[in-house]
Amino acid sequence: MTSLTTPSRILIVGVGSIGGTIAGHLARHDPAVVSAVVGLTTNPDIAHAITEQGYRLRSLHDEIVQPGRVVTELSPDEPPFDYILLVTQPPQVEQAARAALPWLAPGGRMVVLQNGLCEDRIAPIVGADRVLGAVVGWGASTIEPGFFERTSEGGFTLGRMDGQPDPTLDRLALLLEIVGPVTVTSNLAGARWSKLAINCAISTLGTIGGDTLGRLMPFLVVRRLALHLMSETVTVAHAEGVRLEKVSGTLDLDWLALSDLEKDSVLGNPSLVAKHTLLLAVGMRYRRLRSSMLYAIERGRPPAVDFLNGEVVSRGHQHGVPTPVSAATQETVHQIARGERRSSMKTIRQLATRVGLQVGNFTGDR
1 MTSLTTPSRI LIVGVGSIGG TIAGHLARHD PAVVSAVVGL TTNPDIAHAI
51 TEQGYRLRSL HDEIVQPGRV VTELSPDEPP FDYILLVTQP PQVEQAARAA
101 LPWLAPGGRM VVLQNGLCED RIAPIVGADR VLGAVVGWGA STIEPGFFER
151 TSEGGFTLGR MDGQPDPTLD RLALLLEIVG PVTVTSNLAG ARWSKLAINC
201 AISTLGTIGG DTLGRLMPFL VVRRLALHLM SETVTVAHAE GVRLEKVSGT
251 LDLDWLALSD LEKDSVLGNP SLVAKHTLLL AVGMRYRRLR SSMLYAIERG
301 RPPAVDFLNG EVVSRGHQHG VPTPVSAATQ ETVHQIARGE RRSSMKTIRQ
351 LATRVGLQVG NFTGDR
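Going by the working numbering, the sequence shown opens with residue 1, and the numbers climb by one from there.
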């Protein structure tokens, strides 16, 4: 592993919206800090677009073009990398880790950026001591191959799932600061589970509803389902012995989880009103966010729902914790992927009815 004074070589595996944004910004870094940034993609259109035009990056404030190197496969002669950032969709993460492992430097680290709990899947492949995790606190979308738009502000939370210190974390934090603010934590598991609770609601319901978060969250039925999904995730996290972290330093999942009384109520008490109000604020802040699972389905790829809601269902089963809303939501996404249902508000309402959720006037109450 390079020292803090030696330039790092970085491989970005997966040049989609998040990976492309990170790679484009890292390619702008001082050569004294980063000696090489290589993007690896299986999509030849992305590789061609970036090779010909560079990374085209649009943010909330500006638009830049940054030349960069992107390949569709690595040469056996390619020197090893100090950091390999895994930024594929979760269903491809294990295959990506195996394929990239021969190019990981002896003291290097593989960094998991996927949503879910993918560090647990990568550790047996590369060794737990060589795995770091980065929780991404911002969103992005792909306008066209090589053209990436950042849709919300935010940064990264870095750490190891076992909570142990790692001498490579400070270097990685320094590198990622060019993309957004970085926090190094000794409780990555708590940050992962809190983000999982959010993703299980927002990403999955965005897939089922087929629209942006800003258009979906005003519906009472969407917020009610979101609260139940997050509550089941929180309960399973507690059964796992996880101490949850606040998301972005403010969003407290332990507080947001429904009490037994609130589960049987619509908007019948002040605390529940406050939780719905918070979700409306989240919907406004991330109003442009569109589920990456929905993009995957539209491209004929498997959705990541088994890595989100599926993790809650399977781990809940291990601990004897019922997760009926998570299970029904997981199955609904698979039905959409198989073409048996369509992403729509109608499907959202059918899901709510299926799990026995009472939220008043589904058709008009926003």
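Positions of the beta carbon are idealized from the N, C-alpha and C atoms, including for glycine.
| Check | Outcome |
| --- | --- |
| Please give me, in chain order, every unbroken run of the alpha helix (DSSP H) with length at least 4 that falls completely inside the segment 231-265. | 253-256 and 260-263 |
| Taking buried to mean at least 16 other C-beta atoms within 10 Å of its own C-beta, is Ile-261 buried or exposed? | Here residue 261 turns out to be Leu, not Ile, going by the sequence shown. Looking at its Cβ environment, which holds fewer than 16 other Cβ atoms inside 10 Å, Leu-261 is exposed. |
| With a CB to CB cut of under 6 angstroms and the five nearest residues on each side skipped, what residues in its chain are close to Thr-28? | Thr is not the amino acid found at residue 28; the sequence shown has Arg there. If we look at Arg-28 and ignore the five residues flanking it on each side, its Cβ neighbours are Gln-66. |
| Hey, which unbroken runs of the alpha helix (DSSP H) at 4 residues or more fall wholly within the segment 59-138? | 93-100 and 119-126 |
| What residue from Val-355, Ile-64, Gly-16 and Val-70 has the CA that sits closest to Ile-10's CA? | Val-70 |
| Is the Cβ-Cβ distance between Leu-101 and Val-126 less than 8 angstroms? | yes |
| What does Thr-142 pair with, by DSSP beta-bridge criteria? | Phe-148 |
| Locate the alpha helix (DSSP H) running through Ile-18, then write down its first and last residues. | 17-26 |
| If you run the structure through DSSP and keep just helix, strand and coil, what is Thr-183? | strand |
| What separation, rounded to the nearest whole angstrom, lies between the Cα atoms of Val-37 and Gln-164? | 27 angstroms |
| Are Gly-159 and Leu-169 touching if we call contact CB-CB under 8 angstroms? | yes |
| State the Cα-Cα distance for the pair His-238 and Leu-225, rounded to the nearest angstrom. | 20 angstroms |
| Spatial neighbours of Ser-248 within its chain, please: CB distance less than 7 angstroms, with the 5 preceding and 5 following residues excluded, ordered by chain position. | Gly-137 and Gly-154 |
| How is the beta strand (DSSP E) around Val-38 delimited, first residue to last? | 34-40 |
| Taking Met-161 as the reference, give the member of Gly-146, Arg-150 and Ser-186 with the closest Cα. | Ser-186 |
| Should Leu-213 and Ile-202 be called a contact, given that it needs their Cβ atoms to be closer than 8 angstroms? | yes |
| If we call anything under 8 angstroms between Cβ atoms a contact, is Val-15 one with Gly-54? | no |
| May I have the straight-line CA-CA distance separating Leu-279 from Leu-216, to the nearest angstrom? | 11 angstroms |
| In whole angstroms, give me the CA-to-CA distance for Thr-42 and Phe-147. | 16 angstroms |
| Between Ser-194, Val-222 and Ala-281, which lies nearest to Thr-235 when the distance is taken from Cα to Cα? | Ser-194 |
| Just reading off the alpha helix (DSSP H) that Thr-353 is part of, what are its end residues? | 345-354 |
| Pairing CB atoms from the segment 303-311 with CB atoms from the segment 114-130, are three or more of them under 8 angstroms? | yes |
| Considering Cα atoms alone, identify which of Ala-97, Ser-152 and Ser-291 is closest to Val-120. | It should be noted that the sequence gives Asp, not Val, for residue 120. Here the closest residue by C-alpha is Ala-97. |
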